[in-house]
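Trainee: In UniProt numbering, the protein residues as written are 1 to 223. By construction, the Cβ of each residue, glycine as well, lies at the ideal position given by its N, Cα and C atoms. Every value quoted in this text rests on a predicted model; they were computed, and no experiment measured them.
Take a look at the structure:
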């Protein structure tokens, strides 16, 4: 293509530059010389074009590799960030005032949050802790009762009783307060509901004033 174009351009110039004598041998020699020059020029241009295309392919491959590496590093960073964020699970709530007339298996709503690493962990309106990730959790609660009172409490995970405690001052003297506490280590799966409720035994009263508490934290996560 280059050669044909060059001939179209050069033919008028060649006609003007040929000597007046213009014998056949001179014409042939002139064209052969110009042909070799044009052929060398075309070969050089084609070689440079091929070299440039090769460099472009090489640069494109390098760019693709760099983009792939950046994506992999970004994914690793996101995974580490997600794992670090997921591992920060803890809450601590307490009962500010006393509760009276509770029925059996009624949820105790610890209404004052002291620690909550996420607003979606513990809900004061329901008294429920929702596990954000699956893992091993340390869960504690304390139920306090007034003098001459007694109350059983239970820890449940998705309505299954996992532990119980019983505070009893029925045999005590006036002014005696009593507490019952439990700490358990449990496997809790993502989305499961954990709460403290009353048991079947007791007067239905739980003393607040910050003496009754509920807390949990993630010991370690796993699938």
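Going by CA-CA distance only, name the one from 152, 215, 28, 36 that's closest to residue 106.
Mentor: Within the chain shown, numbered from 1, the residue matching residue 106 stands at position 106. Per the Cα distances, 152.
Trainee: Quick check on residue 126: buried or exposed, where buried means 16 or more other Cβ atoms within 10 Å of its Cβ?
Mentor: Numbered from its first residue, the chain shown carries residue 126 at position 126. So residue 126 ends up on the exposed side.
Trainee: With DSSP as the reference, label residue 248 as helix, strand or coil.
Mentor: The chain is shown from 1 up to 223; residue 248 falls before or after that span and cannot be answered.
Trainee: Who are the Cβ neighbours of residue 203 in its own chain at under 7 Å, not counting the five residues just before and after it?
Mentor: Numbered from 1 along the chain shown, position 203 holds the residue referred to as residue 203. So the qualifying residues of the chain are 149, 150, 151.
Trainee: Please name the residue in 108, 213, 104, 133 whose C-alpha comes closest to that of residue 118.
Mentor: Counting from 1 along the chain shown, the entry for residue 118 is found at position 118. If we check each option's Cα against that of residue 118, 133 comes out closest.
Trainee: Any chance you could list the alpha helix (DSSP H) runs of at least 4 consecutive residues sitting entirely within the region 120-207, in chain order?
Mentor: Runs of the alpha helix (DSSP H) inside the region 120-207: none found.
Trainee: I need the DSSP call for residue 103, collapsed to helix, strand or coil.
Mentor: Taking the chain shown and counting its residues from 1, the one referred to as residue 103 is at position 103. If DSSP states are grouped into helix, strand and coil, residue 103 belongs with coil.
Trainee: In the DSSP assignment, what residue or residues form a beta bridge with residue 217?
Mentor: For the purposes of this step, residue 217 is taken as the residue at position 217 of the chain shown. In DSSP, residue 217 forms a bridge with 90, 138.
Trainee: Assuming residue 90 and residue 217 make a contact with CB atoms under 8 Å, what is their CB distance in whole Å?
Mentor: For the purposes of this step, residue 90 is identified with residue 90 of the chain shown, where counting begins at 1. For the purposes of this step, residue 217 is identified with residue 217 of the chain shown, where counting begins at 1. Right, their Cβ atoms sit about 4 Å apart.
Trainee: For the pair the region 175-190 and the region 91-99, tell me if three or more CB-CB distances fall below 8 Å.
Mentor: Judged by Cβ distances under 8 Å, the region 175-190 makes no contact with the region 91-99, as fewer than three pairs qualify.
Trainee: Take residue 146 as the anchor and find which of 178, 171, 128, 116 has the nearest alpha-carbon.
Mentor: Residue numbering aside, residue 146 sits at position 146 when the chain shown is read from its first letter. Nearest C-alpha to residue 146: 178.
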